[in-house]
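Peer 1:
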Amino acid sequence: KAGVTQTPRYLIKTRGQQVTLSCSPISGHRSVSWYQQTPGQGLQFLFEYFSETQRNKGNFPGRFSGRQFSNSRSEMNVSTLELGDSALYLCASSSGRRNQEKLFFGSGTQLSVL
Amino acid sequence: AQTVTQSQPEMSVQEAETVTLSCTYDTSESDYYLFWYKQPPSRQMILVIRQEAYKQQNATENRFSVNFQKAAKSFSLKISDSQLGDAAMYFCAYRSASSLNRDDKIIFGKGTRLHILP
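Chains A and B, in that order, are what the protein sequence lines are. Using this note's numbering, read the first sequence as starting at 241 and increasing by one per residue. Using this note's numbering, read the second sequence as starting at 11 and increasing by one per residue.
Written out as structure tokens, the structure is:
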């Protein structure tokens with residue numbers, strides 16, 4: 241089974257631009273969740289999608305949004321980029337049926353905002 | 011709101027020795043799950059071990075074991091016979107077990123970077 245795939249691996253943007261990150265989950269998984277990882281704040285939950293519906297959301301401004309398609313692939317969008325948005329963005333997939341199940345993570349997209 | 015605290019930003023251990031990573035959490039819930047995830051330099055997080063709060067027995071996975079103290083809200087990870095491949099960032103995480111919890115999301119600590127000395 242192919243793992244969780246995130247594209248692109250690296251991205252450089254300037255302030256004010258917008259960016260879209262992509263995540264393809266493991267085949268059969270219906271839940272995709274997104275996380276922001278920074279040295280100062282650690283790993284913070286952004287949102288989770290399950291069967292094309294946002295199931296949960298973290299404490300991030302409305303500039304951060306996402307969506308999930310019928311094939312479970314998910315995209316995350318950040319509009320009006322700020323310097324503080326520079327981070328590693330990780331996505332994870334799971335079946336979404338049980339809270340105790342493990343998450344399968346991708347290798348992340350490293351976003352640098354200049 | 012639930013919180014997870016890892017008080018050791020970095021630790022080092024000699025190869026083949028044993029090391030314990032600390033994690034404490036705060037919650038008012040009685041049923042939840044606790045996890046340790048490992049993030050090697052490849053950046054891809056991997057589940058190391060998982061504990062269900064209603065189980066008193068500590069989870070074990072090969073060289074990895076936990077010391078779960080529910081009353082103290084403590085969940086430490088013990089790595090025995092440390093190997094060079096264990097070098098990574100380790101994250102402790104909490105998730106509610108309640109399907110009725112509208113704030114149901116996994117909460118991570120800030121991580122402990124583990125160095126293995128040859």
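Glycine is no exception: its CB is placed at the ideal position from the N, C-alpha and C atoms.
Identify, in the order they occur along the chain, each residue of the same chain with its Cβ nearer than 6 Å to the Cβ of A:T260, setting aside the five sequence neighbours on each side.
Peer 2: The residue labelled residue 260 of chain A in the question sits at position 20 within the first sequence. These residues qualify, in order along the chain: E315 and N317.
Peer 1: Please state whether DSSP places A:L323 in a helix, a strand or coil.
Peer 2: Sequence index remark: in the first sequence, residue 323 of chain A carries index 83 (1-based). Looking at A:L323 - three-state DSSP - the assignment turns out to be helix.
Peer 1: Using a Cβ cut-off of 9 Å, pull out every chain A residue sitting near B:S17, in sequence order please.
Peer 2: Taking the first residue of the second sequence as position 1, residue 17 of chain B is located at position 7. Going along chain A, no residue has its Cβ under 9 Å from B:S17, so there is no contact; the nearest lies around 13 Å.
Peer 1: Does the structure place the stretch 290-303 of chain A close enough to the stretch 42-49 of chain B that three or more beta carbon pairs sit under 8 Å?
Peer 2: The answer is no - the stretch 290-303 of chain A does not touch the stretch 42-49 of chain B, with fewer than three Cβ pairs under 8 Å.
Peer 1: What is the rounded straight-line gap between the Cα of B:L127 and the Cα of B:D91?
Peer 2: Stepping through the second sequence from its first residue, residue 127 of chain B is reached at position 117. Stepping through the second sequence from its first residue, residue 91 of chain B is reached at position 81. One C-alpha to the other measures close to 12 Å.
Peer 1: How many Å lie between A:F345 and B:R53 at the Cα?
Peer 2: For the purposes of this step, residue 345 of chain A is identified with residue 105 of the first sequence, where counting begins at 1. For the purposes of this step, residue 53 of chain B is identified with residue 43 of the second sequence, where counting begins at 1. For A:F345 and B:R53, the distance between alpha carbons rounds to 9 Å.
Peer 1: Along the chain, where does the beta strand (DSSP E) that runs through B:K88 open and close?
Peer 2: Within the second sequence, the letter at position 78 stands for residue 88 of chain B. Counting along the chain, the beta strand (DSSP E) containing B:K88 begins and ends at S84 to I89.
Peer 1: From A:R255 to A:L354, what distance separates their C-alpha atoms?
Peer 2: As a first step, residue 255 of chain A is located in the first sequence; it is residue number 15 there, counting from the start. As a first step, residue 354 of chain A is located in the first sequence; it is residue number 114 there, counting from the start. About 6 Å.
Peer 1: Please report the distance separating the alpha-carbon of B:I117 from that of A:S333.
Peer 2: Walking along the second sequence from the start, residue 117 of chain B turns up at place 107. Walking along the first sequence from the start, residue 333 of chain A turns up at place 93. Going from the Cα of B:I117 to the Cα of A:S333 covers about 16 Å.
Peer 1: Looking at the C-beta of B:K115, does it have a partner C-beta in chain A at a distance below 8 Å?
Peer 2: One-based indexing of the second sequence puts residue 115 of chain B at position 105. Yes - at least one Cβ of chain A is within 8 Å of the one on B:K115.
Peer 1: Starting from B:T13, follow the beta strand (DSSP E) in both directions and report where the run begins and ends.
Peer 2: To locate residue 13 of chain B, count along the second sequence from 1; it is residue 3. Where B:T13 is concerned, the enclosing beta strand (DSSP E) stretches over T13 to T15.
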